[in-house]
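Here the structure comes first, spelled out in structure tokens, and everything after it is commentary.
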Amino acid sequence: MAAGRIAHNALASLLGALALALAGACASWARDRPCADPAGVSKQAADFVTAVVRQAPAVVTVLAEGSDANAADRWALSPWNSGRASATGFIIDTEGQVLTSAHVVSGAQTLSVELGGQRRLPADLVGLDRRTDIAVLKIGAANLPVAAIGSSARLCAGEWVAALGSPFGFDQSLTAGVVSANPRFLPGGSGVPLIQTDVALNPGSSGSPLFNERGEVVGVNSMAYSPDGGYRGLSFALPIDTAMRVVAELRSAGHVTRGQIGARTQAMTLDLAPAFGLDSASGALIVRVDPGSPAAAAGLRSGDVIVGIDGSTPMAHAEIQDRVAGARPGSGLTLSIWRRKAAMAVKVVVAESAPDLPKRAVASASHEVRLGLELFERTGKGAGGLLEPGLYVRSASGAAHRAGLRFGDLILAVNDVRVDGLTDLDAALASVADGETVALLVRRGAITSYVPVAPAVGLAH
Numbered sequence: 247m248a249a250g251r252i253a254h255n256a257l258a259s260l261l262g263a264l265a266l267a268l269a270g271a272c273a274s275w276a277r278d279r280p281c282a283d284p285a286g287v288s289k290q291a292a293d294f295v296t297a298v299v300r301q302a303p304a305v306v307t308v309l310a311e312g313s314d315a316n317a318a319d320r321w322a323l324s325p326w327n328s329g330r331a332s333a334t335g336f337i338i339d340t341e342g343q344v345l346t347s348a349h350v351v352s353g354a355q356t357l358s359v360e361l362g363g364q365r366r367l368p369a370d371l372v373g374l375d376r377r378t379d380i381a382v383l384k385i386g387a388a389n390l391p392v393a394a395i396g397s398s399a400r401l402c403a404g405e406w407v408a409a410l411g412s413p414f415g416f417d418q419s420l421t422a423g424v425v426s427a428n429p430r431f432l433p434g435g436s437g438v439p440l441i442q443t444d445v446a447l448n449p450g451s452s453g454s455p456l457f458n459e460r461g462e463v464v465g466v467n468s469m470a471y472s473p474d475g476g477y478r479g480l481s482f483a484l485p486i487d488t489a490m491r492v493v494a495e496l497r498s499a500g501h502v503t504r505g506q507i508g509a510r511t512q513a514m515t516l517d518l519a520p521a522f523g524l525d526s527a528s529g530a531l532i533v534r535v536d537p538g539s540p541a542a543a544a545g546l547r548s549g550d551v552i553v554g555i556d557g558s559t560p561m562a563h564a565e566i567q568d569r570v571a572g573a574r575p576g577s578g579l580t581l582s583i584w585r586r587k588a589a590m591a592v593k594v595v596v597a598e599s600a601p602d603l604p605k606r607a608v609a610s611a612s613h614e615v616r617l618g619l620e621l622f623e624r625t626g627k628g629a630g631g632l633l634e635p636g637l638y639v640r641s642a643s644g645a646a647h648r649a650g651l652r653f654g655d656l657i658l659a660v661n662d663v664r665v666d667g668l669t670d671l672d673a674a675l676a677s678v679a680d681g682e683t684v685a686l687l688v689r690r691g692a693i694t695s696y697v698p699v700a701p702a703v704g705l706a707h
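Numbers in the working numbering are just positions in the sequence shown, counted from 1, shifted up by 246.
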């Protein structure tokens with residue numbers, strides 16, 4: 247009990263010191279200036295925060311229009327459903343390559359990167375890998391600050407780590423915690439080893455760098471476990487060593503080459519093990535063999551249990567998945583198989599998995615070339631006095647829909663020009679060039695806000 251209290255008190259003290267250090271941080275940290283030296287903060291905490299904050303200029307916000315990302319990665323606190331997914335990323339070379347999360351940028355129609363909240367640049371997708379949730383983007387800029395890349399190989403449970411990201415669009419947000427386990431394989435996962443931490447992650451934190459106490463990137467934050475979307479102290483990051491191997495292949499080939507043998511498997515469990523004559527829950531239980539696959543050619547079948555590879559036994563299901571995926575296509579593996587309560591060795595030749603190529607969303611041509619607003623004028627009070635005079639949205643599609651406009655929104659101005667009806671609106675838009683973004687001043691209920699809408703090439707009304 248005493249040891250537990252001491253550990254808890256030490257943890258609480260360092261967390262408190264980190265909070266004080268952050269409170270005293272300079273507002274201009276984006277210019278690579280360290281924190282101020284607040285009184286009462288331990289040198290350990292101050293050094294930790296300073297090391298991380300110095301990396302802030304290399305951390306960026308990634309915006310994806312029309313992304314496949316689910317609603318949890320959207321700007322949940324914005325009153326406008328912008329149709330835009332956001333994530334975090336970090337710059338990995340001076341010529342503008344950015345590492346971020348694949349699940350946010352997958353299928354996006356357009357991508358952009360915000361640098362320190364000061365510049366927004368269009369981005370191209372170099373490549374992505376859904377298995378590790380890694381994507382590489384390229385922006386048109388040079389001489390950029392680059393994140394310091396460390397190593398995750400010796401990262402141990404109990405070490406302090408921090409994340410710097412853009413949760414809910416609040417850029418340069420820092421959270422800290424400790425490594426809970428390394429590696430951690432998720433049940434039902436793809437066999438990718440992860441770093442488990444208790445660092446707070448929220449929507450928009452995907453793709454953020456995980457730093458060690460020296461300010462080096464040791465992981466790429468990918469997901470948080472939560473039954474209700476809230477923070478529960480279970481966060482997961484891809485080890486940076488794995489991430490950079492993926493980056494190297496994406497840079498050179500645009501995709502990652504992996505091995506496969508054509509056998510679908512599930513994890514052996516304590517409940518299933520007795521039925522197969524096993525006394526442990528290790529191994530991969532084959533549930534299907536694809537016709538014409540290497541597994542079929544080797545004589546493997548449903549009900550076989552792969553308990554090891556190349557003499558390494560026993561192996562967990564995730565370890566077997568990772569070993570097969572990492573094998574070079576054309577190479578051979580010797581599988582240790584348990585079949586009908588007897589051990590046997592089976593040789594199999596590894597085939598190449600289908601490449602994980604980027605997917606682009608296909609948008610309607612009319613949505614791309616028009617603003618997509620159908621409007622109506624209200625010249626007097628509506629029934630029951632519910633509507634004041636003005637210009638209202640009847641329906642929104644294309645750019646207007648992506649900007650979050652919807653039925654009943656009241657259009658008050660275009661850029662800085664007030665509009666009271668369709669004639670005013672047409673006159674205001676006449677000075678806007680095709681493809682140029684317009685800022686519409688919109689009232690929805692008690693909220694009035696400017697909403698950027700692009701491209702501004704015409705109206706249907």
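We put the CB at the ideal spot given by N, CA and C, even for glycine.
According to the DSSP assignment, D556 belongs to no alpha helix (DSSP H), since it is labelled neither H nor E. The C-beta distance from E495 to N458 rounds to 25 angstroms, too long to meet the 8 angstroms contact threshold. Secondary structure note for F294: it is in no beta strand (DSSP E), and the uninterrupted alpha helix (DSSP H) holding it is 289-299. With a contact defined as Cβ atoms closer than 8 angstroms, I532 and I555 miss out at about 14 angstroms. In the DSSP assignment, M514 falls outside any alpha helix (DSSP H) and carries neither an H nor an E. With respect to the C-alpha of A394, the residue from V305, I566, S641, T503 having the closest C-alpha is V305.
The beta-bridge partner set that DSSP reports for R534 consists of R510.
Nearest in C-alpha terms to F336, of all of M490, A422, F482, S498, is M490. Looking at the DSSP output, L656 bridges to Y638, R689.
The beta carbons of V372 and V359 sit no closer together than 8 angstroms. Judged by DSSP secondary structure, D672 falls within the alpha helix (DSSP H) whose first and last residues are 668-675.
Between the region 450-470 and the region 402-419 there are three or more inter-stretch CB-CB distances shorter than 8 angstroms, so the stretches are counted as touching. By the C-beta density criterion, L621 is buried, having at least 16 other C-beta atoms within 10 angstroms.
For T421, the closest C-alpha among the options P429, P455, G654, K593 is that of P455. Secondary structure at G335: strand, using DSSP grouped into helix, strand and coil. Counting along the chain, the unbroken alpha helix (DSSP H) around S498 starts and ends at 486-499. Across the set L524, A541, I657, the C-alpha of I657 shows the shortest separation from the C-alpha of Y638. Rounded to whole angstroms, T307 and A348 show a C-alpha spacing of 14 angstroms.
In the DSSP assignment, G423 falls within the unbroken beta strand (DSSP E) covering 419-430. Excluding the 5 residues flanking it on each side, D655 has same chain C-beta neighbours closer than 6 angstroms at V639, V688, R690, in chain order. Pairing R300 with G461 gives a Cβ-Cβ distance under 8 angstroms. Straight-line spacing of the CA atoms in R504 and Q418 works out to 35 angstroms. In the structure shown, E565 adopts helical secondary structure according to DSSP, grouped into three states. Comparing alpha carbon positions, the residue from C402, S498, I507, A692 closest to V592 is I507. Judged by DSSP secondary structure, P540 falls within the alpha helix (DSSP H) whose first and last residues are 540-543. The residues V425, S426, A427, N428, in chain order, have a CB closer than 7 angstroms to that of A403 in the same chain once the five nearest residues on each side in sequence are set aside.
For Q364, the closest C-alpha among the options V351, Q355, P303 is that of P303. Straight-line measurement puts the Cα of R547 at about 6 angstroms from the Cα of V535. Rounded to the nearest whole angstrom, the CA to CA distance from T580 to G557 is 8 angstroms. For A541, same chain residues with a beta-carbon under 7 angstroms away, outside a window of 5 residues either side, are I507, G508, A509, V535, V594 in chain order. Boundaries of the alpha helix (DSSP H) around R648: 644-648. Under the DSSP assignment, A591 falls in the beta strand (DSSP E) whose first and last residues are 588-595.
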